[in-house]
Amino acid sequence: MHVATAQLPHIDASDDKIFLTPNAVIVLDGASAFRPVPVPASTYAADLGQHIADGLLGEPNADLRAVVRDAIDATARALALEPGNSPSSTVVILRRRGDQVDALALGDSVIILPGQIITDQRIDDLDLEQRRKYRERLASGTGYDEAHRHLLRELQTQQAAQRNTNGGYWIAEANPEAAIHAVTAIFPIEDVPWAILATDGAHDVMTHLGIDDWPKLSQADGPELAAILERCQSWEDEADPDGVELPRAKRHDDKTVVAVDLRV
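Under the numbering used here, the first residue of the sequence shown carries the number -19, and numbering increases by one thereafter.
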């Protein structure tokens, strides 16, 4: 399969991470922390992604949930992390396995396939007042003020109380069992000629701006994808700097997009 990638900012300055193996693409989005955590989200996502990639390099056809479970465990031990007091990250994986394609989503990054999207929206499904309030405030024109940041800290505290619990949501953090609750799917290879993987910082703005001709984008090369991310970033700066038109936690979220052609 052929893979093209783009990130903004560069991976070294981003909480988003991309890892590739001969038959898989792994994208992670370390969660921005508005309350203290022991290590940066970037460090956590980088370590977790490397453990996932190593697991798939060692056993290319292994069960994806088991690979992510073992990677969460190894990362938590390596970084001395404890459940409930650790950074977290989304994980999406696309893998070609013989005449099948496997997909996994833990958290709200996306895998876009012909006719459908694989993602995990459970965190967005939580009925939390702070999320509604910060979005309403932004839409009214308050901007990214101290009250906004206070709401985000409160929101993360509320989310942490429901993290990796039944009836809450599941995410890669320090509890390996979260991986067992990931969204997964298997498709025949003939149904998946292409795929797009993206973090929400890219996907949300791209869809808002109508840059969502996914079959066409799946054929884009790295520079073309990078130009799209620059366009999204410029729109945030120039057209919607205060999050009025597209309410979001911060003016610029890290952006990652990966185009995969499985016909190659």
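Glycine included, every Cβ here is placed at the ideal spot set by N, Cα and C.
Nearest CA to the CA of residue 29: which residue from 88, 38, -4 and 18?
Between residue 29 and the set 88, 38, -4 and 18, the nearest pair of CA atoms involves -4.
Relative to the alpha-carbon of residue -7, which residue among 174, 3, 214 and 9 has its alpha-carbon at the smallest distance?
Of the candidates 174, 3, 214 and 9, the one whose C-alpha sits nearest the C-alpha of residue -7 is 9.
On the DSSP bridge list, what partners appear for residue 86?
Answer is 71.
Straight-line CA distance for residue 101 to residue -10?
Here the C-alpha atom of residue 101 lies approximately 26 angstroms from the C-alpha atom of residue -10.
Let me check understanding here. Comparing Cα to Cα, which of 160, 191, -17 and 16 lies closest to residue 1?
Taking only the C-alpha atoms, the option nearest residue 1 is -17.
Taking buried to mean at least 16 other C-beta atoms within 10 Å of its own C-beta, is residue 96 buried or exposed?
Exposed, because fewer than 16 other Cβ atoms sit within 10 Å of the Cβ of residue 96.
Ignoring anything shorter than 3 residues, give me the beta strand (DSSP E) runs that lie fully in the segment 186 to 241, in order along the chain.
Runs of the beta strand (DSSP E) inside the segment 186 to 241: 235 to 241.
Can you give, in chain order, each stretch of the alpha helix (DSSP H) that sits fully within the segment 15 to 74 and has at least 4 residues?
As far as the segment 15 to 74 is concerned, its whole alpha helix (DSSP H) runs of at least 4 residues are 21 to 38 and 44 to 58.
Since residue 228 and residue 221 should fall inside the 8 angstroms C-beta cutoff, what is the C-beta to C-beta distance between them, to a whole number of angstroms?
The Cβ separation is near 11 angstroms, so there is no contact.
For residue 178, does the three-state DSSP call read helix, strand or coil?
In the three-state DSSP reduction, residue 178 falls in the strand class (E or B).
Does the segment 61 to 81 touch the segment 187 to 205, meaning 3 or more C-beta pairs lie closer than 8 angstroms?
Under the Cβ criterion (8 angstroms, minimum of three pairs), the segment 187 to 205 does not count as touching the segment 61 to 81.
Using only the alpha-carbon positions, how far apart do residue 164 and residue 44 sit?
In a straight line, the C-alpha of residue 164 is about 8 angstroms away from that of residue 44.
Cβ contact check for the segment 139 to 159 and the segment 49 to 57: 3 or more pairs under 8 angstroms:
Yes, since at least three Cβ pairs between the segment 139 to 159 and the segment 49 to 57 fall closer than 8 angstroms, the two stretches touch.
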